[in-house]
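K.L.:
Before I ask anything, here is the structure I am working with.
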Amino acid sequence: MQHIALLGASGSIGRQTLDVCRRHADKVKLVAIAVNSSLEFAISCAREFDLSYVVISDASLASSVPLDAFPAETEVIFGSEHLAELCELPEVDCVVNALVGAVGISAGYAALRCGKRLAYANKESIVIGGDLLMPLAAPGQLIPVDSEHSAIFQCLAGEPADSIYKIWLTCSGGPFFGRSRAELAQVTAADALAHPTWLMGDKITIDSATLMNKGLEVIEAHHLFAVPIDTIDVIIHRQSKIHSMVEFSDGSVKANLCAADMRMPIQYALSYPDRWEASCEHLDWHDEAPLAFARVDEEAFGCLALARAAGRTGGTAPCVMNAANEVANQAFRDGRCTFLDIEAIVSSVMGSVDTAPVESLEQLAEVDASARAAAAALLGA
Ligand code: MG
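For the sequence shown, counting from 1, position 194 maps to 240 in the numbering used here; every step adds exactly one.
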């Protein structure tokens, strides 16, 4: 029995992780969750899974929470500073980090340092802190949950590390695939939130529309698989049936295919190196349309090139880029800037904040704060 702490339980990945825990209750036991502010959800989880610990990150809720609504055996803790403590609990074997944004890095760091298995869905923290996190990860300790990276991880199983010729990172293209820059100038957050194939949270759905999500994933793959940025090629595959491919030095290509259902990569991060019975549907490939590919329009979707540039520069450059993007992404969702402003803000902040080699979590927090302030100033906030 594997004992699990789930950070970001009420988000899209978190809820699908709960599905996997229900499906495989004979193999995994959820012992702790963290939510930001979703009280009712936390209470129902504590009851359903007999949780030992619940962290509610929004400490301002401490006075208003009906503690008697939780089971007597559940310890309820307030404040995001306690996220890392959940990762360090001796009764936890595996941490699922499904937090969104740079905030998840200290939890990832704590889990790795304590030798826990880390199922990793918090891509932003790998992007900004890969230089700190990856040296702590023993082989097989950090298992990616991002669908593309799970696919690459599965393709690389049993292959020599120096045999990678190219990683083909597939991209659905997002809701605005095929649109010109003039058309992109007019789109709204509501348009973007209608994603064609994947059911995801709002932040990542906007990142998927700008292709910043793919840019973050290029940097994520660079860290996870120790390959140069330019070994990773992004290719449009609208159907989201191939989840990525690895081309080896001898010309052979391996791809990973399955339904577009995040429960597959989530489950694999828990079952690795074993395979459990599916939590998602088995596809009948007789019924599938021919697999199609297209080239990314990097002129129209400038965020991908910005992310590649940040990844090539390295050091704190991805931290600056990510912080500016988190601020601009939220501003677009709030109707405070246009779709193309996201790219303009990220580009401008990247040009205005100095970068340096990554040294510590404290340094990253300072760089993150400077970049957020610079982005907020551009928004007039
Ligand atoms: Mg992905």
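Just so it is clear, CB atoms sit at the ideal spot from N, CA and C, and this is done for glycine as well.
Looking at Glu229: is its Cβ nearer than 9 Å to the Cβ of Lys169?
P.N.:
No.
K.L.:
Please report the residue range of the alpha helix (DSSP H) in which His49 lies.
P.N.:
Looking at the DSSP string, His49 is not in any alpha helix (DSSP H); the run it does join, the beta strand (DSSP E), is Gln48 to Leu53.
K.L.:
Could you have a look at Met246 and say whether DSSP puts it in helix, strand or coil?
P.N.:
coil
K.L.:
So which residues touch the region around the ligand MG, with touch meaning a C-beta under 6 Å from any heavy atom?
P.N.:
Asp192, Ser193, Glu194 and Glu263
K.L.:
Can you give me the start and stop residues for the beta strand (DSSP E) that Phe271 sits inside?
P.N.:
Run containing Phe271: none; DSSP gives neither H nor E here.
K.L.:
Less than 9 Å between the C-beta atoms of Ile210 and Glu293, yes or no?
P.N.:
yes
K.L.:
Could you check what DSSP says for Thr120 in three-state terms: helix, strand or coil?
P.N.:
In the structure shown, Thr120 sits in coil (DSSP, three-state: anything other than H, G, I, E or B).
K.L.:
Is Ala231 helix, strand or coil when you go by DSSP?
P.N.:
coil
K.L.:
State the DSSP-derived secondary structure class of Val428, mapped to helix, strand or coil.
P.N.:
Any property of residue 428 remains undetermined from this structure, which presents the chain solely from 47 to 427.
K.L.:
What's the gap between the Cα of Ala240 and the Cα of Lys260?
P.N.:
18 Å
K.L.:
Alpha carbon to alpha carbon, how far is Ser218 from Glu119?
P.N.:
Cα-Cα distance, rounded: 44 Å.
K.L.:
Looking only at DSSP bridge pairs, what is Met291 linked to?
P.N.:
Under the DSSP definition of a beta bridge, Met291 partners with Trp214 and Ala301.
K.L.:
With H, G and I counted as helix, E and B as strand and the rest as coil, what does DSSP make of Lys162?
P.N.:
coil
K.L.:
Are at least three pairs of beta-carbons, each pair with one atom in the region 163-180 and one in the region 392-411, less than 8 Å apart?
P.N.:
Touching, yes, given that three or more Cβ pairs across the two stretches are closer than 8 Å.
K.L.:
Would you decide whether Gln62 is buried or exposed? Buried here means 16 or more other CB atoms lie within 10 Å of its CB.
P.N.:
buried
K.L.:
Tell me the residue span of the alpha helix (DSSP H) that contains Leu350.
P.N.:
Boundaries of the alpha helix (DSSP H) harbouring Leu350: Cys349 to Thr359, taken from the DSSP string.
K.L.:
Measure the C-alpha to C-alpha separation of Ile288 and Leu316 and round it to an integer number of angstroms.
P.N.:
Computed Cα separation, rounded: 21 Å.
K.L.:
Confirm the yes/no value for this check: CB of Leu352, any heavy atom of the ligand COA, distance under 8 Å.
P.N.:
Among the ligands present in this structure, namely the ligand MG, the ligand COA is not found.
K.L.:
Looking at the secondary structure, which residues open and close the beta strand (DSSP E) in which Pro190 lies?
P.N.:
Leu188 to Pro190
K.L.:
Going by DSSP, what residues sit across from Tyr99 in a beta bridge?
P.N.:
Beta-bridge partners of Tyr99 (DSSP): Ala78 and Glu121.
K.L.:
Could you tell me if Gly161 is buried or exposed, where buried requires 16 or more neighbouring beta carbons within 10 angstroms of its beta carbon?
P.N.:
It counts as exposed.
K.L.:
For the 8 Å Cβ check, are there 3 or more pairs between the region 311-328 and the region 196-208?
P.N.:
yes
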